[in-house]
Structures are given as C-alpha cells and as structure tokens.
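Chains as they are written, first to last, in my numbering: chain C, 16 to 131; chain H, -6 to 106.
Structure follows, in structure tokens:
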C-alpha cells in the first residue's frame, strides 16, 4: 500500500531564515505530487504541483520554491522566510492521469510552520 | 474555470441527528467529485468520490453523497452523527485533466451532546 511522509511535523523559524520541508511517497511510481498551504482560518491553497522529476508548476507567485529531485521526493524551500509564510503545509500525491480512473489525492500528515 | 462553493462555514448538530453538508460546483463536463475530512492538526482523509454511474455514492465512516447534475450539487449526508465526526469537511472537483483538484473553502462541523 502507498504511504506518504512529511517532515518535520512542526517547525518554528525566525523571519529571514531558510526553509526546507520534505515529502516522500512509498508504494507507487511516477506520482503527481502537490504542496498546499492552509493559513489559519482559511482553506487549502495549492502552491506547487509536479507531474515528473524536475517538472514543477507554480500556482501562486510567492516567497517559496519547490523541487523534485527524485521520483517520489518533493521538497518545499524558501531562502528567507516571511511572517506570512506561517501555516500548515500539506503534501499530497495522486496517480498520474494517464494511469488513473479517478483523480483523488492522498494527503500527508502535514507540517506546522510558525515564523516568529 | 472550475470552482466549488460550500455555503456553510460552520454547522452545529446534535449527536445522533442527521447531517447534510452542501457543495455546489461549476464544471463544464462530467465532474469528478470528492469529499475529504480533516481533523485538527492532521492531513485530509478521503471520504468518498464520484466519477460516473450511480449518483448516490457510499463512503467510509457511514457517509454518503448524492450527485445531482441538474443542481450542480454533491451534498454529503450522514443519518446519525457521532461526536467523533466533529472536523472540517472539504468538497473538491477534479480539474486540468486530472492534474489538479479545486477545493471548496470547507465547512466546520461541531457536534453537541
């Protein structure tokens, strides 16, 4: 069966510091991968998605970047954090559309980021 | 462009009462529709999905949803709510040929004893 891991689970970082959040998926190949953010009291905001190694689509211009160095690894980064980067970050995966009947996404446990 | 509207931000129901959470979508073709649940501090869990066939779909934890094309709706129901159902619920529609989901803003369910 497939599992998705995110780490760290919680993170407190000062303004201006760098960020690296990691997501890995097990039990599947060539997944689509996604990064979402939930700010307090707000819904899900899609930040990036990837359909393959090195292929990143950015949904919202911002202080963050994403990379996919391996098939089942997705990394969210920032060079200098802002207060507004605080939130709950969720990674998700789905089967690529060419292989899937439906397009559901499966989510990781999330990372709580607090920028102070 | 696809969109999802969840008209109710908060809903409070008594334990044992029935529940209906509303979801309306905008999509040009036959939609792929989903309901997810999120407990505080956790990721989203898929409750159920619709993509074709029977318009009444059964999911986990005793939930069901009905797809009504004429009303562009996909409402989530449960006949008897348990205290453990208190969570936030998200409706979503597939977009961009399956590469993306568009989520509603969510409905927070509170269960009172």
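Glycine included, C-beta positions come from ideal geometry on N, C-alpha and C.
All values reported here derive from a predicted model rather than from experimental measurement.
For residue 119(C), no beta strand (DSSP E) run applies, since DSSP gives it neither H nor E. Beyond the five residues adjoining it in sequence on each side, residue 45(C) comes within less than 8 Å, by CB distance, of 67, 86, 111, 114 in the same chain, given in chain order.
Not one beta carbon of chain C lies nearer than 8 Å to the beta carbon of residue 54(H). Identification of chain H residues near residue 119(C) by a Cβ-Cβ cut-off of 7 Å yields 27, 39, 42, ordered along the chain. Within the same chain, and ignoring the five residues on either side of residue 95(C) in sequence, the residues whose Cβ sits closer than 6 Å to its Cβ are 31. Nearest to residue 120(C) by C-alpha distance, out of 47(C), 79(C), 91(C), is 47(C). The residue among 50(H), 82(H), 22(H) with its C-alpha nearest the C-alpha of residue -2(H) is 82(H). A contact is defined here as three or more CB-CB pairs under 8 Å, and the stretch 75 to 83 of chain C meets this definition with respect to the stretch 55 to 62 of chain C. Along the stretch 65 to 77 of chain C, the positions whose C-beta sits under 9 Å from a C-beta of chain H are 66, 72, 74, read in chain order. Exclusion of the five residues before and after residue 37(H) leaves 29, 31 as the residues of its chain whose Cβ lies within less than 6 Å of its Cβ.
Sorting 108(C), 107(C), 117(C), 100(C) by C-alpha distance to the C-alpha of residue 127(C) places 100(C) at the top.
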